[in-house]
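Visitor:
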Amino acid sequence: MQVSPSLLSADFGNIQRDVEMLNASVADLIHLDVMDGVFVPNISFGFPVIKAVQKTAQKPLDVHLMIVEPQKYVSQVRDCGAEIMNVHYEVCQHLHRTIQQIKQAGMKAAVTLNPATPVIMLEDIITEVDMVLLMSVNPGFGGQSFIPNSLKKVRQLKDLITQSGSNALIEVDGGVNLETGAQLAKAGADILVAGNFVFSAPNPIATIEALHNL
Ligand code: DX5
Ligand code: ZN
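Quick note on numbering: the working numbering labels position 140 of the sequence shown as 125, and the sequence is numbered without any gaps.
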């Protein structure tokens, strides 16, 4: 199982130290949550912080934009050194175009679904995307409880990917711990995002490894 620890739960006063911890771990990616206070009821951090993280990070950056009009920021996200740009289905009126623009900018394109958005909405875009990010909490905050219906959505998405011949990976974000992570692995998830579970653990490096071994 790949693991993408979310810096949202890191110590922002010691961000470099926490990124160095992730460098020393078996984390596959570093997940960065950008919030605008409009699409979600919270504000986190923006491009200057991602650029600062990139200077230290030795893992690919997985940037999750919880913002309206994400298509306006493709080149800025690329200039932050992002490997993956995640945009929410719910804010993209021209999702096909936005996916093409992300790929043309040299990044992997991922589309994110809120808990209430059905997987079938991706039927006509699934062969174009590199990854689908399924939210297993309502976006905006770390440390929330996993929504059990997400397991059904992972299975539905896995079926859609198989039937369409897509190469998209399935990433799941929110309320991930060893118990929900094991259920997600069984359902077909490829990548787990974990914020609170990693950064509140007494030993974050061992916690990342435990998730990685699922
Ligand atoms: C929530 C963010 C998540 C968050 C996950 O809106 O998208 O990436 O950091 O946090 P946990 O793992 O604490 O639920
Ligand atoms: Zn996220």
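Backbone N, C-alpha and C define an ideal beta-carbon position, used for all residues, glycine too.
1) Less than 7 Å between C-beta atoms, sequence neighbours within five positions excluded: which residues of the same chain meet that for ALA153?
2) In whole angstroms, give me the CA-to-CA distance for VAL161 and GLU108.
3) Does ligand 1 have even one heavy atom less than 7 Å from the beta-carbon of VAL157?
4) Counting Cβ pairs, one atom from each stretch, are 3 or more of them under 8 Å apart for the stretch -5 to 15 and the stretch 36 to 55?
5) Considering just the uninterrupted stretch of the alpha helix (DSSP H) at PRO189, what are its terminal residues?
6) Could you please give me the residues that DSSP links to ALA95 through a beta bridge?
7) Could you tell me how far apart the beta carbons of VAL38 and ILE69 are, in whole angstroms, since I believe they sit closer than 8 Å?
8) So what's PRO33 in DSSP terms, helix, strand or just coil?
9) Can you find a heavy atom of ligand 1 that lies under 7 Å from the Cβ of SER(-6)?
10) Say yes only if the C-beta of SER130 is nearer than 7 Å to one or more non-hydrogen atoms of ligand 2, and no if none qualify.
11) If you count every other CB in all the chains shown that lies within 10 Å of the CB of HIS81, and 16 or more means buried, which is it?
12) State buried or exposed for ILE105, treating a residue as buried only when at least 16 other CB atoms are found within 10 Å of its CB.
13) Please report the distance separating the alpha-carbon of GLN89 from that of VAL19.
14) How about LEU119 and LEU163: are their beta carbons less than 8 Å apart?
15) Going by the beta-carbon positions, is the gap between ALA172 and VAL122 smaller than 8 Å?
16) Name the two residues that bound the continuous beta strand (DSSP E) containing SER135.
17) Who does MET20 pair with in a DSSP beta bridge?
18) Given this structure, state the Cα-to-Cα distance separating GLY180 from GLN56, to the nearest angstrom.
19) Within the same chain, show all residues whose beta-carbon is closer than 6 Å to that of SER130, passing over the 5 residues directly before and after it, in chain order.
Guide: If we stick to the structure as given:
1) ILE111, VAL114, ASP115, MET116, VAL117, ILE146
2) 26 Å
3) no
4) yes
5) 189 to 197
6) ASN71, MET116
7) That pair is no contact at about 14 Å.
8) helix
9) yes
10) no
11) exposed
12) exposed
13) 22 Å
14) no
15) no
16) Here SER135 belongs to no beta strand (DSSP E); instead the alpha helix (DSSP H) covers 135 to 149.
17) MET51
18) 26 Å
19) GLY160
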